[in-house]
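Residue numbers (our numbering), protein chains in the order written: chain A, 1 to 556; chain B, 1 to 556.
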């Protein structure tokens, strides 16, 4: 009788390590692998059908390992199940075209969205699901545990300890799930050094370290040139600050990426200061180190910023402002996407972001036809955190507004997160942001999804903010009211024009809809002069020369 | 002109380190502090008003540091703001009586709940808020960042690297938030060794290591003696398995602590097997290593278990079943409360737990008069995860049931988490579990809370399971229906007796209420013989002698 095997994972792990040692010979020294041995290493440790986590992050990319993976022999390594938060590089899809990989679970595919949709439609790829980041990380510990993780760090020492630098990002979550489930962790590093500035990942958790031929790719995704902020965006930012942030006393928040929210950041030390709001709003942030936040930080608005990742060019500024950012004893940022997403979910009172489309129920989505992209962190931060139990004035007020006059389970008092969708009524190419039906419904059919890819559900949205005004959906009591509230700020879109003017005026009387004039805002004051920085150069100046924008953002 | 100070935290950190070096002299060697220097160390590094995170965990306690903190001079160290997930030890409250501490933010106070309520009523303590665990950890990175963390690990090496052993629990979250915000981390350890079995926390993140005079306290909170499981609990477990787990195809789940859920675990290899459910339900768990799960693991039901913490006596069993548990290369468990709570929130389809009281809206709470206890992980796991975007059959079916026939925002298709409250209609001393009004409302008044302390809101509960049957609240369409559905399973409690029998029969016809007979369950089959283990000894036998229960659970 065979004893049941309960330590198969450990045995397979040892076998894989032995295969690597055999294949690499002298090109493996301790945990250190020679750069030219990347492909043989992958061929030695990977088996068909393995679940592989490739660190395609929001910003940092394990690009050398991604490229090496495209070069393995598909006869030996095939049908991999890739789990990764972001599909950013062509290599991330190349592996599916060659049969090296077959199945995919992910969060965001940004620039690869169109190619991904094509691959899905031709059967070249099976999509498991599209997740929000924290949800994907959570599944790493339940039913999407990686067998092999391919990650990126800035440097390693000779023992295999890793220094991620400011872009720690997803690495701790990936490595923990893999290293403690009998998996193998392979890290590409920019350099191997004698002594690391600090240790972000202990060598214990790492099996192989391989110096990459060039530094790993990092995208400056969160840099917005103030020169491109329009006066409409200034107006909307004024409404956000006066009509929402001040109204609810929002002290802890997250901003989505974009010029809309960059405008808010740049108005704090000017317009916010005029309104006497310093110290009353926007003190604690779950946010990457946005350069647009520099003027507010310098003006003393910001007590703390915890970050998902870093931002290129902000390194020296962060080091010189360590009271504000989470930094190591070495002075550089320690970011952590998992903890920052938890912070965005549970410790923030407000999430504000943009969308491409919103329907009459308030459902919004950035999914558009012919592209499968996912939503990154928005679903997690743009959902009411119903497990939250600590109170704050902003959260209590939102919850009270939503429940006022209600009975039964829906009337039981609780707080609510403020979830604001900030959007101009028309986006580029005069596409209306407000629609009767989201493209998501067609996309669901095209891609055979179980549900339409909705980024933020109408049930979770509390405010819609356009250049025409703010619609407070918390105060709506029926589907019809909600619909007219949305139409009432939808401007000259077809949806906006089809409003019932009488109902909309009634909603305005009740404060459900607020126009700039209702907020005491004169649109003529909404000029670019209100921006605390009007150019990249202004941001550099505001930072005392500490901020060093990437070349593409400099014209001097 | 003074340059603005932006690195105050770093400067204060260095000053505190220097004070410690001065105060301790030869009793500080590198990061190693002599055991008898604990109090002087704390007096040297702590300042009045500091925010201090004391590792009072669900299980593991930094008890030596807790005791040392009670011994500091209140003239030097006072008005601390304590942040800790669990108040378990008398010392955790002693510091408030002496004025050493003043303010408290926490998650759970279990055995100290009555004393805590008294201290609050006499003004001896200011409560910030009561959180669910992940929410508290999230705030460590936003507005409750610790200045000093007092944590517990099993061992350290001479550099200060920490080995937590199986009870990693909260330590990584606490240490990361503190070490990367200019704070100080002090770890008590059971021993200092030359080489650690593995590194759980890098020395880089730790400032002081202090050997405790005896091993840190760990409570075996998750051990339930099968001998104490009643036949009513067997009946309820049969209903849970057949009426909910099988009905929805629940593969990923979390169980609360208690005999009710232990009964389910012990019925899987017997009753579950009879129903042909092996491989169809209960494959992936977010769960501590419950001894009651041993028979199901041995019978091949369980693919994976990720754990919040460990459980005393399960060490050798876990090591021998490393395919199932998350273990390090050293073979011992790596638990992690933050990641496991994220898993419970986002990667599980079902949470099932018990409560002390439920009202007619379905709101439930374990809060009772004269005690302030908090709810630990239940609010996080017992809330619908509205940020979730990946589909599973269980989640889709629950969402479809909740939205069937609905229009508008509430009718937009989405999935829903199954949140089951499993409770006998009368608890000990014949207290009814169903009440018109929760004690939470009175407690809110008594303690001056912003909201009543509700553990799980009626809006999030999907099923109520009693010995009388299952009420599926997903199918209720009005407050009245929900009320009658709850009354309809509330047995001989006053709430149950006041049911409208006609409406309840109608709900039964519609499948909203299901009796055992409706599920094809004969209550006469619900005997203890169905339990895969009927005693602690059976559990040990099922484990092949690998499980070693703590002495208090052994009568042989």
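The beta-carbon is built from N, C-alpha and C at its ideal position, and this holds for glycine as well.
8 Å is my cut-off, CB to CB: does residue i come that close to chain A?
| i | result |
| --- | --- |
| residue 446 of chain B | no |
| residue 561 of chain B | The shown model of chain B, from 1 to 556, leaves out residue 561 of chain B, and the question about it has no answer. |
| residue 106 of chain B | no |
| residue 565 of chain B | The structure shown does not extend to residue 565 of chain B, since chain B is modelled only from 1 through 556, so no value can be given for it. |
| residue 486 of chain B | no |
| residue 130 of chain B | yes |
| residue 403 of chain B | no |
| residue 457 of chain B | yes |
| residue 463 of chain B | no |
| residue 154 of chain B | no |
| residue 84 of chain B | no |
| residue 437 of chain B | no |
Among residues of its own chain, excluding the 5 on either side of residue i, which ones have a beta-carbon nearer than 6 Å to its beta-carbon?
| i | result |
| --- | --- |
| residue 258 of chain A | 354 |
| residue 9 of chain B | 182 |
| residue 601 of chain A | Residue 601 of chain A falls outside the range modelled here, since chain A spans only 1 to 556, and no answer is possible. |
| residue 224 of chain B | 259, 262, 292 |
| residue 117 of chain A | 370, 371, 372 |
| residue 140 of chain B | 177 |
| residue 277 of chain B | 246 |
| residue 173 of chain B | 137, 338 |
To which residues of the same chain is residue i closer than 7 Å at the C-beta, ignoring the five residues directly before and after it?
| i | result |
| --- | --- |
| residue 557 of chain B | This structure cannot settle anything about residue 557 of chain B, because the visible part of chain B is limited to 1 through 556. |
| residue 391 of chain A | 415 |
| residue 457 of chain B | 363 |
| residue 21 of chain A | 28 |
| residue 424 of chain A | 232, 433, 466, 467 |
| residue 431 of chain B | none |
Looking only at its own chain, which residues have a Cβ that is under 8 Å from the Cβ of residue i, when we skip the five neighbours before and after it?
| i | result |
| --- | --- |
| residue 24 of chain A | 33, 34, 37, 40, 41, 44 |
| residue 267 of chain B | 234, 237, 238, 241, 530, 531, 532 |
| residue 144 of chain B | 51, 83, 105, 128, 136 |
Buried or exposed, going by whether 16 or more other CB atoms sit within 10 Å of the CB of residue i?
| i | result |
| --- | --- |
| residue 136 of chain A | buried |
| residue 555 of chain A | exposed |
| residue 160 of chain B | buried |
| residue 357 of chain B | buried |
| residue 369 of chain B | exposed |
| residue 131 of chain B | buried |
| residue 14 of chain A | exposed |
| residue 399 of chain A | buried |
At least one CB of chain B closer than 8 Å to the CB of residue i: is that the case?
| i | result |
| --- | --- |
| residue 320 of chain A | yes |
| residue 620 of chain A | Since the first and last residues shown for chain A are 1 and 556, residue 620 of chain A lies out of range. |
| residue 279 of chain A | no |
| residue 421 of chain A | no |
| residue 499 of chain A | no |
| residue 475 of chain A | no |
| residue 142 of chain A | yes |
| residue 545 of chain A | no |
| residue 396 of chain A | yes |
| residue 9 of chain A | yes |
| residue 145 of chain A | yes |
| residue 138 of chain A | yes |
Measure the beta-carbon distance from residue i to residue j and round it to whole angstroms, keeping in mind my assumption that it falls under 8 Å.
| i | j | result |
| --- | --- | --- |
| residue 152 of chain A | residue 187 of chain A | 7 Å |
| residue 170 of chain B | residue 288 of chain B | Contact doesn't hold; Cβ gap of about 13 Å is too wide. |
Query - Short-range partners of chain E found in the segment 169-196 of chain A, where Cβ spacing is below 9 Å - result: Among the protein chains of the structure shown, namely A and B, there is no chain E.
Report task. Would you list, in sequence order, the uninterrupted alpha helix (DSSP H) runs of no fewer than 4 residues that lie entirely inside the segment 146-204 of chain B? Result -> For the segment 146-204 of chain B, whole alpha helix (DSSP H) runs of length 4 or above, ordered along the chain, are 171-179.
Query raised in the report: What residue ranges within the segment 469-530 of chain B form continuous beta strand (DSSP E) runs of no fewer than 3 residues, ordered along the chain?
Result: 469-472
Requested in this report: Taking only runs that begin and end inside the segment 65-127 of chain B, name each unbroken alpha helix (DSSP H) of 4 or more residues, in chain order.
Outcome: Taking only runs of at least 4 residues, the alpha helix (DSSP H) segments lying wholly in the segment 65-127 of chain B are 90-97, 113-121.
Query raised in the report: Along the chain, which unbroken stretches of the alpha helix (DSSP H) at least 4 residues long are found entirely within the segment 2-33 of chain A?
Result: 8-24
Requested in this report: Entirely within the segment 410-467 of chain A and at least 3 residues each: give me those beta strand (DSSP E) ranges in chain order.
Outcome: 418-422, 463-466
Query raised in the report: Going along the chain, which unbroken runs of the alpha helix (DSSP H) with 4 or more residues stay wholly within the segment 334-394 of chain A?
Result: 337-346, 378-381
Query raised in the report: Which whole runs of the beta strand (DSSP E) in the segment 281-345 of chain B are 3 residues long or more, in chain order?
Result: 284-286, 304-306
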